[in-house]
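Asks: Residue numbers (full-length UniProt numbering): 1 to 87.
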């Protein structure tokens with residue numbers, strides 16, 4: 001069993017696979033990877049497109065962006081910031 005984490009902290013295995021939505025309930029994709037950095041983690045969110053190409057978002061794991069994580073429904077809600085959709 002994993003040790004208990006502080007409130008609003010999660011293990012990587014709990015985050016991988018979550019469906020990510022913006023605040024307008026638009027599905028952006030699933031978290032497929034987590035990039036570790038010195039400052040904060042970056043969630044790599046990918047969604048299959050109509051073509052073979054996947055749409056990819058790099059979401060900083062900070063409270064100004066990540067608004068809600070619901071492990072029971074496997075859902076994360078984020079606030080899209082300027083430039084995040086241009087990646």
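Ideal Cβ placement from N, Cα and C applies to all residues, glycine included.
The model shown is predicted, which means the values in this text are computed figures rather than measured ones.
My understanding is that residue 77 touches residue 21, with C-beta atoms under 8 Å, so please give their C-beta distance in whole angstroms.
Replies: Indeed they touch by this definition, with Cβ atoms about 5 Å apart.
Asks: What are the partner residues of residue 21, as DSSP defines its beta bridges?
Replies: DSSP lists 27 and 77 as partners of residue 21.
Asks: Starting from residue 44, trace the beta strand (DSSP E) in both directions and tell me its first and last residue.
Replies: Note, residue 44: beta strand (DSSP E), 42 to 48.
Asks: Rank 19, 80, 74 and 68 by C-alpha distance to the C-alpha of residue 7 and give the top, closest one.
Replies: The candidate whose alpha carbon is nearest that of residue 7 is 68.
Asks: Straight-line CA distance for residue 28 to residue 83?
Replies: Distance between the alpha carbons of residue 28 and residue 83 is about 15 Å.
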